[in-house]
Amino acid sequence: MQPTEALTVRRVEVGGNVPYTVHVGPGVLSRAHVDARQIALIHDEAVPQAWIDRLSAALSPALVLTIPVPQGEACKTLAVLAGVLSKLAAANLPRDGAVVGLGGGAATDLAGFAAASYLRGVAFYTAPTTLLGMVDAAVGGKTGVNLPEGKNLVGAFHPPRAVWCDTDTLTTLPPAVFREGAAEAYKHGLISDPSLMQRVLAPDFVPGSATFTNTLADAIAVKAGVVTRDLTEQGERAYLNFGHTLAHALEAVTHHAVPHGDAVGYGMHYAALLSLAQGGEDLTEHTRAFLRWQQPAPLPALTYDEVQPYMARDKKADVEGVRFVLLHALARPYLTRVPDAVLREQFGVWQVEIWGGGWLRAVDYTP
39 MQPTEALTVR RVEVGGNVPY TVHVGPGVLS RAHVDARQIA LIHDEAVPQA
89 WIDRLSAALS PALVLTIPVP QGEACKTLAV LAGVLSKLAA ANLPRDGAVV
139 GLGGGAATDL AGFAAASYLR GVAFYTAPTT LLGMVDAAVG GKTGVNLPEG
189 KNLVGAFHPP RAVWCDTDTL TTLPPAVFRE GAAEAYKHGL ISDPSLMQRV
239 LAPDFVPGSA TFTNTLADAI AVKAGVVTRD LTEQGERAYL NFGHTLAHAL
289 EAVTHHAVPH GDAVGYGMHY AALLSLAQGG EDLTEHTRAF LRWQQPAPLP
339 ALTYDEVQPY MARDKKADVE GVRFVLLHAL ARPYLTRVPD AVLREQFGVW
389 QVEIWGGGWL RAVDYTP
């Protein structure tokens, strides 16, 4: 490692029963280390070959198997999982082997669940190559696949042994994909560290800038702190789902035509409207500001009755029904039930703004 590189790499520690380190900065894929003599690399087929080669070189000579999987949510199916597990078995990957996931959040979710399932659990390491994957999917040990009935309904908690967030990989992302990933970082600002909101929307929030690695690492640190205290979502980890109840419904009802980060952007605004309706501080200008900046993929016209069944299957639901993460104020989240009449009413307000307000194209706000 060159001295200049040392200054640009941050390490975020995740504690709990299975502690590990998240390495954040340029070039960290080249210094990846896996403590296993046989390694299987599972990667998103859309990942540029340069990043596959960079990680493969670091894992050599222990790398014995490379498995490409479909891009995005198309890989998070039971059929794809079965194919991956069969390949691991055919290669006779041993119990003391390891699985490494490379790609966006969907690919690393799948790779982690394959590692959790194969031989009842082998070591897992992850190398996210998207901003969304770095801030969200890579940290916390949630792995899984989707069902037609909803997102992430099958999975396991299987924390990685290490995470490598190589910021060089973000330089090859299309701008829209980069902005999509910023939703989770902005959400961490709303629920925990308000400074992140202004930093995410700032002009220097771009890979390679002097401040980018620190902003990214600080966003990751919010989730790291939460999952250290609550790995299996018995309490505060649910707060990380701010905006996700509607977001997952939008993904499911559109068959994932709306990317996750874009859906979270829409979902955060709905959650802000609900928060206000339930007596909280008015934070809707913050969520409007993010949507103006993000410019998410357009939504088809949807009714409350179309999305409500998917919201009802949300992981936060219990025998009494769906629960929402709302905000009393910035950095003051809480989990609560919201009357269906309020959900329906505020969905109507949200609909008018999303489809009829025109404010998504008016960038006129600084948080």
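The opening position of the sequence shown corresponds to residue 39 in our numbering, with each subsequent residue numbered one higher. C-beta: ideal position from N, C-alpha, C; glycine also. Since the model is a prediction, treat every value here as computed from it, not as a measurement.
Drop a sphere of 10 angstroms on the beta-carbon of residue i, count the other beta-carbons inside from all chains shown, and report buried for 16 or more, exposed for fewer.
i, result
"Asn184", "buried"
"Ser124", "exposed"
"Val52", "buried"
"Leu116", "exposed"
"Ser98", "exposed"
"Ala400", "For Ala400, the predicted model reports a pLDDT of 36, less than 50, meaning its position is unreliable and no value from the coordinates is stated."
"Tyr58", "buried"
"Pro334", "buried"
"Ala44", "In this predicted model, Ala44 has a pLDDT of only 43, less than 50, meaning its place in the structure is not dependable; the value taken from the coordinates is given anyway. With fewer than 16 other Cβ atoms within 10 Å, it is exposed."
"Pro166", "buried"
"Gly188", "buried"
"Ala350", "exposed"
"Pro371", "buried"
"Thr251", "buried"
"Val390", "exposed"
"Glu323", "exposed"
"Asp352", "buried"
"His293", "exposed"
"Arg217", "buried"
"Asp242", "exposed"
"Gln87", "exposed"
"Ala95", "exposed"
"Glu111", "buried"
"Glu222", "buried"
"Gly394", "exposed"
"Asp204", "buried"
"Val56", "exposed"
"Gln236", "exposed"
"Arg158", "exposed"
"Met39", "A caution first: Met39 carries a pLDDT of 33, below 50, which makes its placement in the model unreliable, though a value can still be read off. Flag for Met39 reads exposed."
Which residue marks the beginning of the alpha helix (DSSP H) containing residue i, and which one marks its end?
i, result
"Ile90", "Gln87 to Leu97"
"Arg330", "Thr322 to Gln332"
"Arg267", "Phe250 to Arg267"
So is the beta-carbon of residue i under 7 angstroms away from any non-hydrogen atom of the ligand MN?
i, result
"Val296", "In the structure shown, the ligand MN is absent, as is every other ligand, since no ligand is present at all."
Which residues mark the beginning and the end of the beta strand (DSSP E) in which residue i is found?
i, result
"His366", "Phe362 to Ala367"
"Pro347", "That residue, Pro347, is in no beta strand (DSSP E); its alpha helix (DSSP H) goes Tyr342 to Ala350."
"Glu289", "No beta strand (DSSP E) holds Glu289; the alpha helix (DSSP H) holding it covers His282 to Val291."
By DSSP's criteria, residue i is part of a beta bridge. Which residues make up the other side?
i, result
"Leu311", "Answer by DSSP bridge pairing: none, since Leu311 is not bridged."
"Arg275", "The partner list for Arg275 (beta bridge, DSSP) is empty, contrary to what the question assumes."
"Gly63", "Asp204"
"Leu79", "Thr104 and Val138"
"Thr374", "Phe362"
"Arg48", "Val62"
(Q) If we require 4 or more residues per run, which alpha helix (DSSP H) segments fall completely within the segment 86–172? (A) 87–97, 116–128 and 143–155
Q.
Pairs of beta-carbons, one from the segment 60–69 and one from the segment 196–214, closer than 8 angstroms: are there three or more?
A. yes
Q. Where in the segment 166–242 do unbroken runs of the beta strand (DSSP E), each at least 3 residues long, occur, reported from the N-terminal end onward?
A. 180–185, 188–195 and 200–204
Q) With contact counted as at least three CB pairs below 8 angstroms, one residue from each stretch, are the segment 173–184 and the segment 150–161 in contact? A) yes
Q) Can you find at least 3 beta carbon pairs, one from the segment 337–345 and one from the segment 277–297, that sit closer than 8 angstroms? A) yes
Q) At a cut of 8 angstroms, does the segment 136–143 reach the segment 71–83 through at least three beta carbon pairs? A) yes
Q) Are there three or more Cβ pairs, one per stretch, closer than 8 angstroms when the segment 297–306 is compared with the segment 238–251? A) no
**Q.** the segment 274–284 touching the segment 64–74, judged by at least three CB pairs closer than 8 angstroms
**A.** no
Q. Touching or not, the segment 365–380 and the segment 304–314, by the rule of three or more beta carbon pairs under 8 angstroms?
A. yes
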